[in-house]
Amino acid sequence: MQAIEIENGRGPADALRLTTRPLPVPAPGEILIRVRAAGVNRPDIVQREGRYPPPPGASDILGLEVAGEVEAVGEGVTRWAIGDRVCALLGGGGYAQYAVVDARHALPIPDGLDFVQAAALPETAFTVFANIFEGGGLEAGETLLLHGATSGIGVMAIQMAKAAGGRVIATSRGAAKAEAARALGADVSLDATAQDLAAAIQDAGGADVVLDMVGAAYAELNLNALKPGGRWVVIAALTGAKAEVDLMRIMLKRIVLTGSTLRSRPADEKARLAAAVEATVWPWVASGAVKAQVEATFPLAEAAAAHAHLEAGAHVGKVVLLP
Numbered sequence: 001m002q003a004i005e006i007e008n009g010r011g012p013a014d015a016l017r018l019t020t021r022p023l024p025v026p027a028p029g030e031i032l033i034r035v036r037a038a039g040v041n042r043p044d045i046v047q048r049e050g051r052y053p054p055p056p057g058a059s060d061i062l063g064l065e066v067a068g069e070v071e072a073v074g075e076g077v078t079r080w081a082i083g084d085r086v087c088a089l090l091g092g093g094g095y096a097q098y099a100v101v102d103a104r105h106a107l108p109i110p111d112g113l114d115f116v117q118a119a120a121l122p123e124t125a126f127t128v129f130a131n132i133f134e135g136g137g138l139e140a141g142e143t144l145l146l147h148g149a150t151s152g153i154g155v156m157a158i159q160m161a162k163a164a165g166g167r168v169i170a171t172s173r174g175a176a177k178a179e180a181a182r183a184l185g186a187d188v189s190l191d192a193t194a195q196d197l198a199a200a201i202q203d204a205g206g207a208d209v210v211l212d213m214v215g216a217a218y219a220e221l222n223l224n225a226l227k228p229g230g231r232w233v234v235i236a237a238l239t240g241a242k243a244e245v246d247l248m249r250i251m252l253k254r255i256v257l258t259g260s261t262l263r264s265r266p267a268d269e270k271a272r273l274a275a276a277v278e279a280t281v282w283p284w285v286a287s288g289a290v291k292a293q294v295e296a297t298f299p300l301a302e303a304a305a306a307h308a309h310l311e312a313g314a315h316v317g318k319v320v321l322l323p
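Here it is as structure tokens:
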């Protein structure tokens, strides 16, 4: 099969090269997927740079989510049959024509979605559900403060929070992105390049939950923005992982500071999460309340261009490869 590898194991976007790899064989409990579309995510870039190695046992090929048809079924798998249309969360291996995955980490493609749209769902839907609803405990009527609102995670978070009855304050960089976040459903959409975010968030009433992908640069902002009893959930640290935080203010405001990663979770935990996403999020997708937002597609051979496009930061939504 054709797949993408990183020349010399790490490097810039143009280190991505098309190569030939043996066809993977599903082990017991796994399925082999004929990949029709593969999502591109920022963790792929971090892995390409040599700063995010795959977990033990995962493929060294990039790619954390795919959509396609079941090509083969490993021993013990009963839910899936050859030809079924599925999308799946992977530990790696998505930038290829075929990928193997734990059968419990695959979900049926919702009716009405094509492979490109379906490939844009798993990584973002799983991440948002695990962090906003499970880690952050967002409930109907509460307010989510979301930074990086037009990223793949951001556009999914806006829609899922609104589908659950929440209110969203979104921040992004530039007037065009602020308008895009507003069009996606954000109740308050702020341009971080032109507004005093701290004042604007306070004017908007503050937040019950913060989904933080920025890290150190926004630590003080997040602490100020949270209401008493608020939850601060960190899932990335693009401006640095070390920040000085006033612990007394955390105590006085009864703030919960937490965070998580998805890729390193045990297979059983990912299976539990997949079932929860299917039960809660898939009906929202089927109803149209939550939609896959695909900004651009690239042929598999142009994975380097896809990474460069994502790194440029002008996208709104997801970037998808077509093997």
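The opening position of the sequence shown corresponds to residue 1 in UniProt numbering, with each subsequent residue numbered one higher.
Quick reminder that beta carbons are idealized off the backbone N, C-alpha and C, glycines included.
Excluding sequence positions up to five before and after Ile-45, its CB lies within less than 7 Å of the CB of His-307, Leu-310, Glu-311, all in the same chain and listed in chain order.
Ranked by how close their Cα comes to the Cα of Ile-158, the residues Gly-141, Glu-179, Ala-186, Glu-142 have Ala-186 in first place. Secondary structure in the stretch 234-310: the alpha helix (DSSP H) runs of 4 residues or longer, each lying completely within the stretch, are 247-253, 267-287 in chain order.
By the criterion of at least three beta-carbon pairs nearer than 8 Å, the stretch 199-217 is in contact with the stretch 142-157.
Taking Thr-127 as reference, the option from Pro-12, Leu-273, Gly-313, Asn-8 with the minimal CA-CA separation is Leu-273.
Non-local beta-carbon contacts of Ile-153 in its own chain, meaning distances under 7 Å to residues more than five positions away in sequence, involve Thr-124, Thr-127, Val-128, Met-213 in chain order.
Gln-2 is bridged by DSSP to Thr-20. Ala-3 is a Cβ neighbour of Thr-19, given a cutoff of 8 Å.
Asp-246 is positioned such that its CB atom lies closer than 8 Å to that of Leu-223.
In this structure, Ile-169 places its C-beta atom within 8 Å of the C-beta atom of Val-188.
For Ile-31, the enclosing beta strand (DSSP E) begins and ends at 30-40. The continuous beta strand (DSSP E) containing Val-210 extends over residues 207-212.
Given a length threshold of 3 residues, each whole run of the beta strand (DSSP E) inside the stretch 76-119 is given here in chain order: 85-89, 98-102, 106-108. In its chain, beyond the 5 residues on either side, Ala-163, Val-290 have a beta carbon closer than 6 Å to the beta carbon of Trp-284. One alpha carbon belongs to Ala-192, the other to His-315, and they sit about 16 Å apart. Contact check for Leu-32 against Leu-64 fails: the beta carbons are separated by 8 Å or more.
Between Pro-323 and the set Asn-8, Val-116, Ile-6, the nearest pair of CA atoms involves Val-116.
Contact between the stretch 52-63 and the stretch 93-102 is present: 3 or more CB-CB pairs across the two stretches fall below 8 Å. Around the CB of Asn-131, 16 or more other CB atoms lie within 10 Å, so the residue is classed as buried. In the structure shown, Leu-221 adopts helical secondary structure according to DSSP, grouped into three states. A straight line joining the alpha-carbon of Thr-171 with that of Val-77 spans about 43 Å.
Pro-228 and Ala-118 have their alpha carbons spaced roughly 38 Å apart. In this structure, the alpha-carbon of His-105 lies about 16 Å from that of Glu-71. Looking from the CA of Ile-6, the closest CA among Tyr-52, Val-40, Arg-48 belongs to Arg-48. Taking the Cα positions, Ala-149 is about 9 Å away from Ala-180. For Gly-152, the enclosing alpha helix (DSSP H) begins and ends at 152-163. Following the DSSP letters along the chain, one finds Val-73 inside the beta strand (DSSP E) bounded by residues 65-73. Relative to the Cα of Asp-203, the nearest Cα in the group Ala-183, Leu-226, Ala-216 belongs to Leu-226.
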